[in-house]
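**Q** Take this structure first; my questions come after.
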Amino acid sequence: MEEIIIPKIRLGEAGRSRLKAILSQCLRSNPGLRPICNSIARLKSATVPQLLHMAGICGCMDKAMAIAQDYQQTRAAKVGLPKLWGCRFRPTQSRKPRTPRGSRFNTMNLAPEGAQPDAVASSTELASEHPEPVQQYPSNGDDESNRPQRW
């Protein structure tokens with residue numbers, strides 16, 4: 001049996017599937033080649049070098065080279081494109097500011113019509129028997145990161 005030299009070719013997942021379909025069609029039309037290709041590997045689970053070996057036996061190497069060339073062209077086109085968004089921040093993900101529970105923001109939303117928000121806030125502050133001391137923390141742009149959590 002003659003030795004077939006198989007070049008190292010990249011096909012990609014889609015190219016591998018296309019080559020398997022081409023080889024399957026070729027093996028259906030030439031049943032005598034099926035035992036030879038089955039001795040290399042099963043078509044369903046064959047690796048790219050095994051598929052290329054089968055393509056050489058079946059006479060489909062020109063189609064395999066066309067698939068590889070198409071893969072290289074699409075890969076080169078993708079490399080040339082700049083990445084618009086990194087993986088951390090996407091335009092669909094917007095950070096919404098969060099307010100702590102029981103904050104003045106919540107009492108402003110509960111104020112009746114015509115009432116002043118400051119009046120509602122000051123009346124709730126007077127109603128509490130033990131006011132907690134307010135601590136100031138340096139801000140780094142994220143309001144929640146430096147504050148201790150209250151349980």
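Per full-length UniProt numbering, the sequence shown starts with residue 1, numbered consecutively. In this text, a Cβ means the ideal position worked out from N, Cα and C, and glycines have one as well. The model shown is predicted, which means the values in this text are computed figures rather than measured ones.
(1) Please confirm whether G12 and Y71 have their CB atoms less than 8 Å apart.
(2) Since I36 is in the alpha helix (DSSP H), which residue starts that stretch and which ends it?
(3) Could you tell me whether the Cβ atoms of I9 and L52 are closer together than 8 Å?
(4) V15: buried (16+ other C-beta within 10 angstroms of its C-beta) or exposed?
(5) Return helix, strand or coil for W85, following the three-state DSSP convention.
(6) Quick check on the DSSP output: the alpha helix (DSSP H) that includes residue 183 runs from which residue to which?
(7) Could you check if A77 is buried or exposed, using at least 16 other CB atoms within 10 Å of its CB as the buried criterion?
(8) Residues in the same chain with beta-carbon distance under 6 Å from A68, minus the five sequence neighbours each way, listed in chain order, please.
(9) Report the residue from I40, V48, C58 and P49 whose alpha carbon sits nearest the alpha carbon of L23.
(10) In the DSSP assignment, find the alpha helix (DSSP H) that holds G56 and state where it starts and stops.
(11) So, under 8 Å CB-CB, A66 and M54 are touching, yes? Tell me the CB distance rounded to an integer number of Å.
(12) Secondary structure at K44, three-state DSSP: helix, strand or coil?
**A** Taking the definition as stated:
(1) Working through the sequence shown from its first residue, we reach residue 12 at position 12. Working through the sequence shown from its first residue, we reach residue 71 at position 71. Their beta carbons are under 8 Å apart, which means G12 touches Y71 by this criterion.
(2) Position 36 of the sequence shown, counting from 1, holds the residue named residue 36. I36 -> alpha helix (DSSP H) spans R34 to I40.
(3) Along the sequence shown, one-based indexing puts residue 9 at 9. Along the sequence shown, one-based indexing puts residue 52 at 52. Yes.
(4) Within the sequence shown, residue 15 is the residue found at index 15, counting from 1. It is Gly, not Val, that sits at residue 15 in the sequence shown. Around the CB of G15, 16 or more other CB atoms lie within 10 Å, so the residue is classed as buried.
(5) Here residue 85 refers to the residue found at position 85 of the sequence shown. Below a pLDDT of 50, predicted positions are generally treated as unreliable, and W85, at 48, falls in that range; the measurement from the model is reported next regardless. In the three-state reduction of the DSSP assignment, W85 falls in the coil class.
(6) In the structure as shown, the chain starts at 1 and stops at 151, and residue 183 therefore has no counterpart that could be examined.
(7) As a first step, residue 77 must be located in the sequence shown, where it is residue number 77. In this structure A77 is exposed. Its beta-carbon is surrounded by fewer than 16 other beta-carbon atoms within 10 angstroms.
(8) For the purposes of this step, residue 68 is taken as the residue at position 68 of the sequence shown. Only residues of its own chain outside the window of five on either side were considered, and among them I9 and L11 have a CB closer than 6 Å to the CB of A68, listed in chain order.
(9) Position 23 of the sequence shown, counting from 1, holds the residue named residue 23. Checking every option, the nearest Cα to that of L23 belongs to C58.
(10) For the purposes of this step, residue 56 is identified with residue 56 of the sequence shown, where counting begins at 1. Secondary structure note for G56: its alpha helix (DSSP H) is the uninterrupted segment V48 to C58.
(11) One-based indexing of the sequence shown puts residue 66 at position 66. One-based indexing of the sequence shown puts residue 54 at position 54. Incorrect: roughly 16 Å between the Cβ atoms, too far for contact.
(12) On the sequence shown, position 44 is the one that residue 44 refers to. Here K44 sits in coil by DSSP.
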